[in-house]
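Trainee:
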Amino acid sequence: MSLRSRIAALRLDLTPARESRDFRLLLIAGSVFYLGHMVSYVALPFLIYRETGSNAMVGLMGAVQLVPLVVFGLWGGALADHVDRKRLLVLCGSAQVVLMGVLAGNAFHDNPSIPLIFVVGALLTCVGALQRPSRESLLPRTVRHDQLTQANALASFGLHAGLFLGPTLAGLLIAKVGIGWCFVVDVLGMLVATAMYAAMRPYPHREETTPPSLRGIAEGWTYAVRRRDLLATYLIDIAAMFLAMPIVLFPAFAEEVFGRPELVGMLYSAETVGALIATTLSGWMPRVHHHGRAITIAAAAYGLAIALVGLAPSIWLAMGALALAGAADNISAVFRGTVWNQTIPERMRGRLAGIEMLSYSVGPLGGQMRAGLVADAWNVRGAITSGGLACIAGVGLTAAWLRDFWRYDARTDPHAVTERLARQALADAPSSPADGPRDAA
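Each residue of the sequence shown is one higher than the one before, starting from 1 at the first, in this note's numbering.
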């Protein structure tokens, strides 16, 4: 194979977006949504701090959002396994437009209401948590089974593009035209995303569903815990984020360690840049079948890169190590998504998506607390380096405990084979107009 062919084989595979209209709609909706979300994500704490002058009030916003995230994330997963997922996406998207419009109107007032911000912020978290499991569980139905790795990589690219561009756009809007316009941008993004969801074809459930209930949620948890491969994906991600995530320390790292506070924004962007590069060069991923090994190695590499951040002699080398960490974390995330989407039965996909949302939300929240406490008790460098080393140990111990995960092979795993055959049988079966359009095989 020539060098040109090898390089071409690394390129991001656009095939799912070219072949599936509904996947394109989901991809556009997710990318625009995350862009707008990141603009308001920056603006909201800025507005609270500007009006109150209190860091504690800014932190309280996160605490107010935590309980709705857990409760409504799990309930949203149960709903996604019973109701029309497309309809739920559109209804939740419409509610988000209205609620974000309220925040926008409040931000344009001379004296914005802080209690209103907290109430509407909590409601937005509820609606977003209800919506996300439906969005995640629809993706596998829009592309072929053998395209799920490529589809996950494309979705990751759209997400990280929003993560990278959103804060920059928010800073420009706040400086040039006013903070209220940040929320207007998010309203527009939500409108576009909701229109994309509405344009998708129906995806009725193909088998008997379970009405949302505490018993149904418990059934999802039982299934997740008994599947050691799924349990490993959750625990490895939580270990990496809880033990090593250093974001809360970036201000102190830039100012106290390197004396370059003006570069703190670049520290925040470095991981996203690494993730975008890894996604752009993700053409090799579909050729990997031992997803357990890929997730484990990538998560350990994330910990190693974070440890190097703490040891870096210059802020520029620290940024380089953060970019490597972002690339490793993105690789782990793509393969985790592939395991989930290729092996979880359709009837359970929503509830498991709710659990997945908790796995990648709770870890970072706890990681911020861990990093802050260790930095105060020791120092910033020590907190970052020890977190990275602890991540390597935590990932290694999890992989040793759930050692079957290391042997996971998508070609032979019984759950992956069952889902692959089920989708092929569904695609090959004769259909009638009453059945509606078929899913991608």
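Glycine included, every Cβ here is placed at the ideal spot set by N, Cα and C.
#1: Closest by CA to Tyr197, which one among Arg24, Ala383, Thr398?
#2: By DSSP, does Asp110 sit in helix, in strand, or in coil?
#3: For Gly367 and Leu426, what's the separation of their Cα atoms in angstroms?
#4: If you draw a straight line from the C-alpha of Gly162 to the C-alpha of Met190, how long is it?
#5: Assign Asn379 to one of three DSSP states: helix, strand, or coil.
#6: Just how far apart, CA to CA, sit Ala170 and Ile48?
#7: Applying the criterion that 16 or more other CB atoms from any shown protein chain within 10 Å of the CB defines a buried residue, is Ser359 buried or exposed?
#8: Report the rounded CA-to-CA distance for Leu123 versus Leu116, giving the unit in angstroms.
#9: Measuring straight from C-alpha to C-alpha, what distance separates Tyr408 and Ser137?
#10: On the criterion of 16 or more Cβ atoms from any shown chain inside 10 Å, does His37 qualify as buried, or is it exposed?
#11: Quick check on Thr296: does DSSP put it in helix, strand or coil?
#12: Output needed for Leu311: all residues of its chain with C-beta closer than 8 Å, excluding positions within five of it in sequence on either side, in chain order.
#13: To the nearest angstrom, how far is it from the Cα of Ser282 to the Cα of Thr296?
#14: Note down, in chain order, each residue of its chain lying with its Cβ closer than 8 Å to the Cβ of Trp284, except the 5 sequence neighbours on either side.
#15: Cβ atoms of Pro140 and Leu148: under 8 Å apart, would you say?
#16: Going by the beta-carbon positions, is the gap between Thr343 and Leu12 smaller than 8 Å?
#17: Could you check if Gly53 is buried or exposed, using at least 16 other CB atoms within 10 Å of its CB as the buried criterion?
#18: Have a look at Thr194 and Val257 and give me their C-alpha separation to the nearest angstrom.
#19: Is it true that the CB of Gly363 sits closer than 8 Å to the CB of Ile306?
#20: Keeping to the same chain, check which residues put their C-beta closer than 7 Å to that of Pro231; ignore five residues upstream and five downstream.
#21: Could you tell me the boundaries of the alpha helix (DSSP H) in which Ile217 lies?
#22: Buried or exposed: Gly394, going by 16 or more other Cβ atoms within 10 Å of its Cβ?
#23: Roughly how many whole angstroms lie between the Cα atoms of Val39 and Asn330?
#24: What span of residues does the alpha helix (DSSP H) with Ser269 cover, start to end?
#25: Can you tell which of Arg420, Glu419, Leu365, Val32 has its C-alpha closest to the C-alpha of Ile238?
#26: Can you tell which of Pro204, Gly354, Arg215, Thr272 has its C-alpha closest to the C-alpha of Leu87?
#27: Kindly list the residues whose CB is nearer than 6 Å to the CB of Phe242, restricted to its own chain and excluding five residues on each side of it in sequence; keep chain order.
#28: Please go through the same chain and pick out, in chain order, the residues whose beta-carbon is closer than 7 Å to the beta-carbon of Arg411, but skip the five residues on each side of it.
#29: For Trp340, count the other beta carbons within 10 Å of its own beta carbon; 16 or more makes it buried, fewer makes it exposed. Which is it?
#30: Kindly provide the ranges of any alpha helix (DSSP H) runs that are 4 or more residues long and lie completely inside the stretch 334-399, ordered along the chain.
#31: Evaluate Arg6 with the Cβ neighbour count: other Cβ atoms within 10 Å of its Cβ, from every protein chain shown; 16 or more gives buried, anything less gives exposed.
#32: On the CB-based measure, 16 or more other CB atoms within 10 Å of its CB, does Thr222 come out buried or exposed?
#33: Rounded to whole angstroms, what's the CA-CA distance from Val70 to Trp181? Just pull it up for me.
#34: Alpha carbon to alpha carbon, what distance is there between Ala95 and Val83?
#35: In whole angstroms, what is the alpha-carbon distance linking Gly274 and Gly320?
#36: For the alpha helix (DSSP H) containing Asp22, name the first residue and the last one.
Mentor: In short:
#1: Of all alpha-carbon atoms in Arg24, Ala383, Thr398, the one lying nearest the alpha-carbon of Tyr197 is that of Arg24.
#2: Shown here, Asp110 sits in coil according to DSSP, grouped into three states, outside any helix or strand.
#3: Taking the straight line joining both Cα atoms gives about 43 Å.
#4: Gly162 and Met190: Cα-Cα distance of roughly 13 Å.
#5: Residue state, collapsed to three classes: coil.
#6: Cα to Cα, Ala170 sits roughly 15 Å from Ile48.
#7: Per the 10 Å Cβ criterion, buried.
#8: Between Leu123 and Leu116, the C-alpha separation is close to 11 Å.
#9: So the alpha carbons of these two residues sit roughly 22 Å apart.
#10: It counts as buried.
#11: If DSSP states are grouped into helix, strand and coil, Thr296 belongs with the helices.
#12: Here the set comprises Arg381, Thr385.
#13: Between Ser282 and Thr296, the C-alpha separation is close to 17 Å.
#14: Same-chain partners within the cutoff: Ala9, Leu10.
#15: In this structure, the beta-carbon distance from Leu148 to Pro140 falls below 8 Å.
#16: A distance of 8 Å or more separates the beta carbons of Thr343 and Leu12.
#17: It is exposed - the Cβ of Gly53 has fewer than 16 other Cβ atoms within 10 Å.
#18: Taking the straight line from one Cα to the other gives about 44 Å.
#19: Cβ distance not < 8 Å, so Ile306 and Gly363 don't count as in contact.
#20: Going by the sequence as given, residue 231 is Leu instead of Pro. Residues of the same chain with a CB within less than 7 Å of the CB of Leu231, apart from the 5 flanking positions on each side, are Ala224, Val225, Leu402 in chain order.
#21: First-last of the alpha helix (DSSP H) with Ile217: 214-226.
#22: Buried, by the Cβ-count rule.
#23: For Val39 and Asn330, the distance between alpha carbons rounds to 22 Å.
#24: Residues 264-280.
#25: Among Arg420, Glu419, Leu365, Val32, the Cα nearest to that of Ile238 belongs to Leu365.
#26: A small correction: the amino acid at residue 87 is Arg; Leu does not occupy that position in the sequence shown. Closest by alpha carbon: Pro204.
#27: For Phe242, where only same-chain residues beyond five positions count, the Cβ hits under 6 Å are Gly363, Gly366, Gly367.
#28: Cβ within range, chain order: His289.
#29: The residue is buried, with at least 16 neighbouring Cβ atoms inside 10 Å.
#30: You should have 349-377.
#31: Here Arg6 is exposed. Its C-beta has fewer than 16 other C-beta atoms within 10 Å.
#32: With fewer than 16 other Cβ atoms within 10 Å, it is exposed.
#33: About 30 Å.
#34: When rounded, the distance between both Cα atoms is 17 Å.
#35: Using only the alpha carbons, I get a separation of about 9 Å.
#36: Its alpha helix (DSSP H) spans residues 21-52.
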